[in-house]
Structure formats: C-alpha cells, structure tokens
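Since the structure comes first, as structure tokens, the remarks are kept for the end.
Residue numbers (our numbering): 895 to 1006.
Written as structure tokens, this is what we have:
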C-alpha cells in the first residue's frame, strides 16, 4: 500500500491550528483576525516557508501564540470584541473546547 498525499511533517503542520493558519496565510488564503494577524493595516498576515524539518520556523510560530492571559488580552484588544472572540487551545486543550467571549473579564476566565 502506498500513501498518496502530503509528507508526515506537512500533515503535522496541518494538525496544529497556529501552524496551519500560518501556512494558509502564506498560500494567500484569507483569514479572520487572530492572535497572529489582527486584521489591521500594519500587521500583515504571518507567512513562512517550511524549514528543512518540514515545520514552520519557531520564530514565526511564536508570533502567533499567546502563552499568558495578558498576551491573550492584548491580542483581543487589538482584534476587538465587537463580534466576539473565540478562544481555542492550539493543541491539548484539556477538554475545554472552544470558548466564545465578548469582554475582557470573560476572556480572563476562559483562558485559564
């Protein structure tokens, strides 16, 4: 049996929400505002070519992450709460799933 499709590393990239979004934006796929590209005129989409290991370079990947609640609050402020914010772990969410918030207090409670 032969597998026809992307290589293992590319499949891994597609399985990670942040890496997949960066890869999509690199391919010029429109994206809604997110922690890696807030939708403003001066923060263009994150773009990257896969490195030799077939992954997104760490320095680009890190620009899309929010590792603390304060980073999440700052990203949400830049995106704006007008239409709400969806919070989702990039991987291993611990069963929390997606959370919808429309204000900072709810974001802080949902993030932890």
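C-beta: ideal position from N, C-alpha, C; glycine also.
Model, not experiment: these values are computed from the prediction.
Exercise. For the beta strand (DSSP E) that residue 993 lies in, which residues bound it at each end?
Worked result: Run containing residue 993: 993 to 995, per the beta strand (DSSP E) assignment.
Exercise. Can you name, in chain order, every residue of its own chain whose Cβ lies under 8 Å from the Cβ of residue 992, other than the five neighbours on each side?
Worked result: So the list reads 980, 981 and 982, once near-sequence residues are dropped.
For this session: Drop a sphere of 10 angstroms on the beta-carbon of residue 921, count the other beta-carbons inside from all chains shown, and report buried for 16 or more, exposed for fewer.
Result: Exposed: under 16 other Cβ atoms inside 10 Å.
For this session: Please report how far the alpha carbon of residue 902 lies from the alpha carbon of residue 948, in whole angstroms.
Result: So the two alpha carbons sit approximately 8 Å from each other.
Exercise. Which stretch, first to last residue, makes up the alpha helix (DSSP H) that contains residue 973?
Worked result: Counting along the chain, the alpha helix (DSSP H) containing residue 973 begins and ends at 963 to 973.
Exercise. Using a Cβ-Cβ cut-off of 6 Å (strictly less than) and excluding sequence neighbours within five positions of residue 1003, which residues of its own chain qualify?
Worked result: Counting only Cβ-Cβ distances below 6 Å, and skipping sequence neighbours, we find nothing.
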